[in-house]
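So for the sequence shown, the UniProt record's numbering puts the first residue at 1; every next one is plus one.
Worksheet: the structure to be examined is printed underneath.
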Amino acid sequence: MKVPATLKKLADLFPVPLYVVGGAVRDELLGYPPKDYDIASELPTDAVIALCRENGIAAVTINRRLGTLRLKADGDSYEYTTFRTDCYAGDGSHLPIGVRFTREMMEDALRRDFTVNAIYYDVKADRYVDLTGGRVDLQTRLIRATRAPESVIAEDALRILRMVRFAVSLDFEMEIGLYEAAKKLSPSLASISPERIREEFDKILIADTFYGVKGAHIRGLRLLVAIGAMEYVVPELLEGIGVEQRPDYHKYDVFGHILKTVELSPPAIRLAAVMHDIAKPRLKAETGTMAGHAEAGGEFARRRMSHLCYSNAEISRVVKLVEGHMFDLKGDASEKTVRTYIQKNAKLLDDLIALKNADHLGGGRLSGKSPSAERLERTRQAMREEGVPFSVAELQVGGEDLIALDVPREKRGRLLEALLEETTVDRGLLTREGQLNYLKKHR
């Protein structure tokens, strides 16, 4: 296995064998370049810290209880863990409640989740050590637990989502006992923190980008539903199963349409694609119609994303995309309305256009680009050619002009925003002179 020179030097310093373990070994054996190197040995963290200090290597404690350090040498960074066994609460929660450090590699291997992640590489001896059959599982493309599947899942329910992620991103099958254990124990996901669930869900949504497996993200979503895990991720998605839509526009039920839209979406907007129609089933049940589902869906998305602890910025972005995916769908909005919308959503427009196009094709009945998306593209291009500003910062007047005109402080921001909006339709306001005259008139 090829490893960085700094890692070889580090291994030479250790009085015991130093191993690379986990994803880097797995990826190397599969022919993919390793991204991060996790390393391990029987050496306690205190001894590793002392060794590093003696040799000018930075060693920072990540988690003393779990025996993890961050080692930095000549610009390279490695996460080190002392061999250990873990003790869990038994409710499926993610973190162990106790650990015992050990000199036995087998004990360390058996605490890990899947055999493909429990292959070790001895850096100094240049050899692989596989105590759980992971190399055979790589060859047969199988995700298998290191021990009895129910025990592995019961210890940490997050392994259910990790199982799905590895299976779909690597295009592997799941050992039947592991699959059944995940299905049986999926309610244990209720004990996992929303942040951890979000992290795994985000990775599943872009699973096709890790190793180039086409459709991996869609297989991942379907697996989450099949094993009962979606109930603890985006349960609103399940409400769309079997909910039919207008057959002239939609070949699929709401759930199928959402999945098709996600399939056709670039990675950056897939979460918005998941959320874009989740309000339809409830609206139809309560009102008999799906009208207003974009606005309602925005609120649904806000609540679900807040629960999953997404950042405020990401929540705002996705909510705007969900609320905007129906904008001017029939092409009957006025030119001023469209121009103002483009100006106010300039940073979001490429993503919105992509979502509209995916939604358009995701119905299964239409082809080509969404007419409303094409109108947005066409109008934006015209605005660019005309020199229309897309933000207050692009105006040819600013704070100094407002001060010179004695515009009250509390009015300045509103006045510039009003001017900005008027530039979308009044070409006389596309010059500095025109903008100054506007300020003088409306101050």
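The beta carbon of each residue, even a glycine, is placed where N, CA and C say it ideally should be.
This structure is a prediction, so every number in the text was calculated from the model and none was measured.
Sequence-distant residues of its chain with Cβ nearer than 7 Å to F210 (five each side left out): S169
Looking at the secondary structure, which residues open and close the alpha helix (DSSP H) in which C309 lies? Here C309 belongs to no alpha helix (DSSP H), and DSSP marks it neither H nor E.
Take the Cβ of R26 as the centre, count every other Cβ of all protein chains shown within 10 Å, and call the residue buried at 16 or more, exposed below. buried
Integer-rounded CB distance, given that K251 should sit under 8 Å from G363: 6 Å
Could you have a look at V407 and say whether DSSP puts it in helix, strand or coil? coil
In whole angstroms, give me the CA-to-CA distance for S77 and V48. 15 Å
Do you know how far the Cα of T115 is from the Cα of F83? 16 Å
Residue burial classification, C52 (beta-carbon count within 10 angstroms, cutoff 16): buried
Buried or exposed: where does N63 fall if 16 or more other Cβ atoms within 10 Å of its Cβ makes it buried? exposed
Going by beta-carbon coordinates alone, are E239 and R303 separated by less than 8 Å? no
Could I get the ranges of all uninterrupted alpha helix (DSSP H) runs contained in the UniProt domain "Poly A polymerase head" (18-144), with 4 residues as the minimum, in chain order? 23-30, 45-54, 105-110 and 134-140
Whole angstroms is fine: what's the gap from R443's alpha carbon to V407's? 6 Å
Going by the CB atoms, is the gap between S367 and N357 shorter than 8 Å? no
Relative to the C-alpha of L205, which candidate in Y232, S188, K183 and R165 has its C-alpha closest? R165
Would A50 and K72 qualify as a contact pair, given that the criterion is a beta-carbon distance under 8 Å? no
So what does E215 bridge to, in DSSP terms? The displayed chain sequence assigns Gly, not Glu, to residue 215. None, per the DSSP bridge assignment.
What residue ranges within the region 317-356 form continuous alpha helix (DSSP H) runs of no fewer than 4 residues, ordered along the chain? 335-344
In the structure shown, what three-state DSSP assignment does G220 receive? helix
Here's the rule: buried if 16 or more other CB atoms are within 10 angstroms of the residue's CB, otherwise exposed. What is R317? buried
Given K336, which residues of its chain have a CB within under 6 Å of its CB, disregarding the five upstream and five downstream residues? V425
What does DSSP give as the partner residue(s) for H250 in the beta ladder? G364
Flag this pair as yes or no: are the beta carbons of V21 and E42 separated by less than 8 Å? no
Does the separation of the CB atoms of V129 and D122 fall below 8 Å? yes
Tell me, please, whether the region 94-109 touches the region 8-15 by the rule of three or more beta-carbon pairs shorter than 8 Å. no
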